[in-house]
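Enquirer: Residues in the sequence shown are numbered consecutively from 1, following the UniProt record's numbering.
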Amino acid sequence: MATDENGIPLHYKIFPGNVADPNTLIPFMLEIADIYEVNSVTIIADKGMSVNRNIRFLESKNWKYIISYRMKAGSKQFKEYVLDEKDYINDGGLIYKTRDIASSYNKKRINGHFRRQIISFSQKRATKDKNNRDILIQNFTKKMNKDNLVSCDDLAGSKKYRFFKPINKGAFYELDIEKIQEDQKYDGYYVYETNRTDLSVKEVINLYSKQWQIESNFKTLKGKLSLRPMYLSTWNHIVGYICLCFISLVFLNYIIYILNSKLGLTGKSKITEHKVINVIKEAKEIEVFVNKQKIETIQVYNDELQESWQTYQILLELLTKEKVT
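(1) Helix, strand or coil: which one does DSSP assign to T325?
(2) What does the alpha-carbon distance come out to for the pair K13 and D187?
(3) Kindly indicate which three-state DSSP category N90 falls into: helix, strand or coil?
(4) Short of 6 Å in beta carbon distance, which residues of its chain neighbour C245, apart from the five on each side in sequence? Order them along the chain.
(5) Check whether the segment 27–46 touches the segment 173–181, counting contact only when three or more Cβ pairs, one atom from each stretch, lie closer than 8 Å.
(6) Quick one: residues in its chain with C-beta nearer than 8 Å to the C-beta of V150, no 5 flanking neighbours on either side, listed in chain order?
(7) Alpha carbon to alpha carbon, what distance is there between E31 and P16?
(8) By the 10 Å Cβ neighbour count, where 16 or more other Cβ atoms means buried, how is P27 classified, buried or exposed?
(9) Can you have a look at S269 and say buried or exposed, based on whether 16 or more other CB atoms are within 10 angstroms of its CB?
(10) Are at least three pairs of beta-carbons, each pair with one atom in the segment 314–321 and one in the segment 295–306, less than 8 Å apart?
(11) Would you kindly report the start and end of the unbroken alpha helix (DSSP H) that includes S248?
(12) What's the gap between the Cα of T325 and the Cα of F251?
(13) How would you label K64, buried or exposed, when you count the other beta carbons within 10 angstroms and need 16 or more for buried?
(14) Using a 10 Å radius around the Cβ and a threshold of 16 neighbouring Cβ atoms, would you call N302 buried or exposed?
(15) Can you tell which of E285, A2, N6 has the C-alpha that lies nearest to the C-alpha of Y257?
(16) Using 8 Å as the threshold, is the C-beta distance between T311 and I286 below it?
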């Protein structure tokens with residue numbers, strides 16, 4: 001999925017479930033370039049897209065990018081560079097260091113392009129990294145038997161195995177202490193790769209942070225717009241259903257953008273997707289007809305629905321005024 005700078009979706013492409021994430025970027029961008037005649041663009045993508053062929057493809061098109069680098073999958077030399085305290089700068093609480101590297105393939109085949117690596121450290125992120133790891137470990141330990149092992153069946157459904165290792169030909173799993181200790185070393189570190197050398201470190205990080213808009217859109221699709229679970233059997237039905245969900249997402253985000261922009265709402269006062277969806281669910285009217293003539297309109301109203309009706313009145317007034325109906 002691609003969004004504009006306001007988080008409003010503008011394009012999507014469907015891939016079969018067995019296509020790995022790194023293999024989706026190139027066909028997706030080629031389709032966007034063909035449809036929208038893209039000339040100037042900055043691709044913001046997470047570490048799932050951070051493979052050399054994707055970056056070199058973007059460079060071949062002279063497109064800009066900011067991509068999270070897969071630090072823990074990096075070389076021993078790179079990891080040592082990250083952990084080396086030398087050259088780190090503390091800029092008002094932002095701790096980082098940078099280096100420019102030539103774009104290459106297997107340390108060969110240099111293509112004349114350069115990337116800037118930004119290695120940042122945040123104590124807040126360090127706490128988050130530790131908490132995320134502790135949750136996985138705690139969920140594992142809850143399933144342990146008296147031998148501190150978890151059976152393969154009990155571990156079924158777990159998405160992240162990196163802190164556990166199989167024993168007895170995969171029949172059981174145990175905690176991988178070495179991997180846990182190795183992972184702890186990198187708590188708080190985050191690495192960006194970019195060719196936006198015209199931007200400061202803070203500007204790169206702030207621009208990358210807009211990636212939450214994509215994540216939020218997917219969360220809304222899968223949750224409030226009921227993209228999943230999908231009880232459909234044919235490919236055409238699946239494509240049609242996803243298209244309907246996407247159109248709904250565009251309308252939802254555009255309405256929210258118009259409301260907040262026109263009313264100047266920020267922070268906790270902003271109209272959110274939760275408020276808009278509650279309006280759709282809760283702000284209801286009953287029309288009474290006698291002899292095919294409407295004689296009365298009754299609003300379904302109580303104290304619990306007060307906020308939804310207030311939001312509805314704001315929506316109705318502004319959207320009518322702006323003719324976005």
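In this text, a Cβ means the ideal position worked out from N, Cα and C, and glycines have one as well.
Expert: Looking at the coordinates:
(1) Taking the sequence shown and counting its residues from 1, one reaches residue 325 at position 325. Annotation note: pLDDT 45 at T325 (below 50); position unreliable, coordinate value reported separately. Of the three classes helix, strand and coil, the one that applies to T325 here is coil, per DSSP.
(2) The residue given as residue 13 occupies position 13 in the sequence shown. The residue given as residue 187 occupies position 187 in the sequence shown. The C-alpha of K13 lies about 34 Å from the C-alpha of D187.
(3) Within the sequence shown, numbered from 1, the residue matching residue 90 stands at position 90. The answer is strand: DSSP assigns N90 an E or B state.
(4) Within the sequence shown, residue 245 is the residue found at index 245, counting from 1. Once the five neighbours on either side are set aside, the close Cβ partners of C245 are L221, L225, L227.
(5) No: fewer than three Cβ pairs fall under 8 Å.
(6) Position 150 of the sequence shown holds residue 150. Cβ within range, chain order: F140, K143, M144, F164, F172, Y173, E174.
(7) As a working note, residue 16 is residue 16 in the sequence shown. As a working note, residue 31 is residue 31 in the sequence shown. Computed Cα separation, rounded: 16 Å.
(8) For this step, residue 27 is matched to residue 27 along the sequence shown. Exposed.
(9) By one-based count along the sequence shown, residue 269 stands at place 269. When all chains shown are included, S269 counts as exposed.
(10) By the Cβ rule, the segment 314–321 does not count as touching the segment 295–306, because fewer than three pairs are nearer than 8 Å.
(11) Locating residue 248 in the sequence shown gives position 248, counting from the first residue. Per DSSP, S248 belongs to the alpha helix (DSSP H) from 235–263.
(12) Here residue 325 refers to the residue found at position 325 when the sequence shown is read from its first residue. Here residue 251 refers to the residue found at position 251 when the sequence shown is read from its first residue. Its pLDDT being 45, under 50, T325 is placed unreliably in this model, and the value from its coordinates should be taken loosely. If I take the Cα positions, the gap works out to 10 Å.
(13) Here residue 64 is taken as the residue at index 64 of the sequence shown, counted from 1. For K64, the number of other beta carbons within 10 angstroms of its own is at least 16, and it is reported as buried.
(14) Numbered from 1 along the sequence shown, position 302 holds the residue referred to as residue 302. Classification of N302: exposed, given that the 10 Å Cβ count is below 16.
(15) What you label residue 257 is simply residue 257 of the sequence shown in a count that begins at 1. The shortest C-alpha to C-alpha distance from Y257 to any of E285, A2, N6 is the one to N6.
(16) On the sequence shown, residue 311 is found 311 positions in, with the first residue counted as 1. On the sequence shown, residue 286 is found 286 positions in, with the first residue counted as 1. Not in contact: T311 and I286 (Cβ atoms no closer than 8 Å).
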